[in-house]
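Residue 1 is where the sequence shown starts when you use full-length UniProt numbering, and the numbers rise one by one after that. Single-structure report; data block below.
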Amino acid sequence: MEILSFYNGLRLALNNNLVPHIVETDSQVMIQLLPSNNLAFSHMLMDWRQLMEKLGRPQVCHIFREANAAANKLACYGKGRDPAMRNNILIYV
1 MEILSFYNGL RLALNNNLVP HIVETDSQVM IQLLPSNNLA FSHMLMDWRQ
51 LMEKLGRPQV CHIFREANAA ANKLACYGKG RDPAMRNNIL IYV
């Protein structure tokens with residue numbers, strides 16, 4: 001699921017002409033998977049590499065889950081788990 005979210009985030013950046021210099025994730029497993037040749041994710045990894053190339057090859061960094069609180073809040077809101085977040089969404093953007 002993390003790799004799909006990562007891919008969709010890159011696609012969103014490309015479609016909106018945003019050029020990220022750093023991409024942060026709290027998934028250490030995903031960071032290890034991205035440069036691999038894992039056959040189970042080969043099509044997604046090829047697409048990921050192409051998107052990264054189009055975006056100027058931003059650096060992918062690991063951050064601790066606690067430092068990723070804003071993204072976690074937005075994800076919960078997107079899944080409909082945190083209705084109180086509707087009033088505070090701009091604080092985290």
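Glycine is no exception: its CB is placed at the ideal position from the N, C-alpha and C atoms.
Tell me which same chain residues have a C-beta within less than 6 angstroms of the C-beta of residue i, skipping the five on either side of it?
| i | result |
| --- | --- |
| residue 21 | 58 |
| residue 62 | 28 and 31 |
Going straight from the alpha carbon of residue i to that of residue j, what length do you get?
| i | j | result |
| --- | --- | --- |
| residue 74 | residue 7 | 17 angstroms |
| residue 55 | residue 45 | 15 angstroms |
| residue 70 | residue 78 | 12 angstroms |
| residue 37 | residue 15 | 26 angstroms |
| residue 94 | residue 39 | Only positions 1 to 93 of the chain appear in this structure, which leaves residue 94 out of reach. |
| residue 42 | residue 12 | 21 angstroms |
May I ask you to report which of helix, strand or coil DSSP gives residue i?
| i | result |
| --- | --- |
| residue 78 | helix |
Report all residues from its chain with a CB closer than 7 angstroms to the CB of residue i; omit the five preceding and five following residues, and keep chain order.
| i | result |
| --- | --- |
| residue 65 | 26 |
Pick from the options: whose alpha carbon is nearest that of residue i?
| i | options | result |
| --- | --- | --- |
| residue 2 | 77, 24 and 15 | 24 |
| residue 10 | 43, 77 and 48 | 48 |
Cβ of residue i versus every heavy atom of the ligand PLP: is any distance shorter than 6 angstroms?
| i | result |
| --- | --- |
| residue 63 | The ligand PLP is not among the ligands present in this structure, which contains no ligands whatsoever. |
Whole runs of the alpha helix (DSSP H) within the UniProt domain "RNase H type-1" (3-75), excluding any shorter than 4 residues: 28-33 and 42-54
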